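A.B. asks: Residue numbers (the working numbering): 2 to 139.
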C-alpha cells in the first residue's frame, strides 16, 4: 500500500485499550501535520487577502491565537478517539466492525475543515466588501 493509503485506511488495532491507544498515538503526528498545514494555509490566505482591494490595508498579519486555538481544540478532540473506539468496541463486542479507522478519518476531516473554515469566511467577507465597493464606486 502507498503511505497515503496506509495513513487514511489503516489496519485496525487489536481490541485492547493499550493497543488502541498506541494505534491512535502513532497517527497523531500525521494528524497534527495535516491540521497545521491547513492552518498555515489559512494564515497565509488571511495575510494575502488583506492586500487585495477594496481592503488593501497593507501587509497585516492576523493574530496567531486563532490557528493555535484550533490546533489545541483538534488535539483535545483527538483524545476522544481512543475512548470512543474502546467504548464502541465494548458495546458491539468482539464481532463488531472496527471503528478506529472510520473515527480517525472523521476526526482528520473535521480538524482540517475547522482549520480551513476561516478561509471560507474571509472569502465571503471579501466578496461582500468587493461588491459593496463596486456599487459605491459606480
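In this text, a Cβ means the ideal position worked out from N, Cα and C, and glycines have one as well.
Source: prediction; values computed, not measured.
Going straight from the alpha carbon of residue 133 to that of residue 55, what length do you get?
C.D. replies: Spanning the two alpha carbons is a distance of roughly 9 Å.
A.B. asks: Among 3, 42, 14, whose alpha-carbon lies nearest the alpha-carbon of residue 103?
C.D. replies: The shortest C-alpha separation from residue 103 is found at 14.
A.B. asks: Just curious, the alpha helix (DSSP H) that residue 45 is in, first and last residue?
C.D. replies: 18-50 is the span of the alpha helix (DSSP H), which, as asked, contains residue 45.
A.B. asks: Comparing C-alpha positions only, which one of 19, 24, 41, 94 sits nearest to residue 7?
C.D. replies: Closest option to residue 7, Cα to Cα, is 24.
A.B. asks: From residue 71 to residue 131, what distance separates their C-alpha atoms?
C.D. replies: Each residue's alpha carbon lies about 28 Å from the other.
A.B. asks: Alpha carbon to alpha carbon, how far is residue 41 from residue 51? Give it in angstroms, no decimals.
C.D. replies: If you take the alpha carbons of residue 51 and residue 41, they lie about 16 Å apart.
A.B. asks: For residue 39, I'd like the list of residues in its chain whose CB is within less than 7 Å of its CB, leaving aside the five on either flank, ordered along the chain.
C.D. replies: If we look at residue 39 and ignore the five residues flanking it on each side, its Cβ neighbours are 113, 116, 117.
A.B. asks: Report all residues from its chain with a CB closer than 8 Å to the CB of residue 35; omit the five preceding and five following residues, and keep chain order.
C.D. replies: 109, 112, 113.
A.B. asks: Closest by CA to residue 98, which one among 12, 138, 2, 139?
C.D. replies: The residue with the shortest Cα to Cα distance from residue 98 is 12.
A.B. asks: Quick one: grab the DSSP three-state call for residue 70.
C.D. replies: Reduced to three states, the DSSP call for residue 70 is helix.
A.B. asks: Here's a check: name, in chain order, each residue in its chain whose Cβ is nearer than 6 Å to the Cβ of residue 92, leaving out the five neighbours to either side.
C.D. replies: Cβ neighbours of residue 92 beyond the five flanking positions: none.
A.B. asks: Determine the contact status of residue 16 and residue 95, defining contact as a CB-CB distance below 8 Å.
C.D. replies: For residue 16 and residue 95, yes; Cβs fall inside 8 Å.
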